[in-house]
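S.K.:
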Amino acid sequence: MGPLALPHRPLVPLAAVGVIAVLLLVVPAPGSLSVIATRSLAGMGTAVPHIDLVSEFGLVALALATGGAMIAAWRQHPERRLATGVAALGVILALVSSEGAKVLFAQARPCSRWAIAGECPPPGDWSLPSNHATLAFGAAVVIAIAIGRTWIAWTVAVLAALVAVGRVAQGVHYLHDVALGAVFGLVIPTALVVIALTFARRAQHRTGSRPSRRG
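1 is the number of the first residue of the sequence shown in my numbering; add one for each residue after it.
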């Protein structure tokens, strides 16, 4: 990978997850696939002790891994510093966008309709999209770019998916909530990195092609 190039192979697992998330959002299904899947997962979740901790522990693990990956990239791979830093900023923007979308859609949580094992967030704490999914998949993007290893990208993609599924099983999100959160977390950081690297390459090209001045 060049100093101003986005690694493609490590992003393949995340791209695959993104395609699945988009399909869950746009492909019609009889009886609403999201509602049926949510009721099924939430029903199974009531039989799992401390199901609410699955997503929380998973998100903490991803946060720690993100910090470690950023430190490793900064120390060992200077060529990845720009992409890694911009991706991290992209996660913040994705979270802000997710919060804005919650207010826009104002969708009540599934636990306001069905009984769940744990506590349901209060009214006004909206469901769509899932901030947990946004943060989890955003973290996966940062780690994949910082480390540049495909197997690590698969690992964090699975962990992020576990965080998302855990929120559905907990009964606090619909399936389409976590799907949209995944899209936010995957697309916004990646798009910002692509834009930043494009501008950086153009600036580098202009600097390199500018004739030197001799006194």
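Where a beta carbon is used, it is the ideal one built from N, C-alpha and C, also for glycine. If you're wondering where the values come from, they're calculated on a predicted model, not measured in any experiment.
Is it right to say arginine 109 is buried, meaning 16 or more other beta carbons lie within 10 angstroms of its own, or is it exposed?
M.R.: buried
S.K.: For glutamate 119, name the three-state secondary structure that DSSP assigns.
M.R.: coil
S.K.: Sort Leu175, Val165, Gln204 and Ile145 by Cα distance to alanine 15 and report the nearest one.
M.R.: Ile145
S.K.: So, under 8 Å CB-CB, valine 142 and alanine 87 are touching, yes? Tell me the CB distance rounded to an integer number of Å.
M.R.: 5 Å
S.K.: What number of angstroms, rounded off, separates the C-alpha of isoleucine 116 from the C-alpha of leucine 95?
M.R.: So the two alpha carbons sit approximately 26 Å from each other.
S.K.: Considering only the beta carbon of each residue, do alanine 160 and alanine 191 sit closer than 9 Å?
M.R.: no
S.K.: What does a CB cutoff of less than 6 Å around serine 34 pick up in its chain, not counting 5 residues either side in sequence?
M.R.: If we look at serine 34 and ignore the five residues flanking it on each side, its Cβ neighbours are Tyr174, Leu175 and His176.
S.K.: State the DSSP-derived secondary structure class of proline 49, mapped to helix, strand or coil.
M.R.: coil
S.K.: Could you check if serine 40 is buried or exposed, using at least 16 other CB atoms within 10 Å of its CB as the buried criterion?
M.R.: Serine 40 should be labelled exposed.
S.K.: Find out if the Cβ-Cβ distance for the pair arginine 167, serine 55 is shorter than 9 Å.
M.R.: yes
S.K.: Does the separation of the CB atoms of phenylalanine 137 and glycine 171 fall below 9 Å?
M.R.: no
S.K.: What number of angstroms, rounded off, separates the C-alpha of arginine 214 from the C-alpha of phenylalanine 199?
M.R.: Its pLDDT being 48, under 50, arginine 214 is placed unreliably by the model, and the measurement read from it follows with that caveat. Approximately 28 Å, taken between the alpha carbons.
S.K.: Assign arginine 202 to buried or exposed, taking buried as 16 or more other Cβ atoms, counted over all protein chains shown, within 10 Å of its Cβ.
M.R.: exposed
S.K.: State the Cα-Cα distance for the pair valine 156 and threonine 207, rounded to the nearest angstrom.
M.R.: 38 Å
S.K.: Rounded to whole angstroms, what's the CA-CA distance from histidine 205 to valine 19? Just pull it up for me.
M.R.: A direct Cα-to-Cα measurement between histidine 205 and valine 19 gives close to 34 Å.
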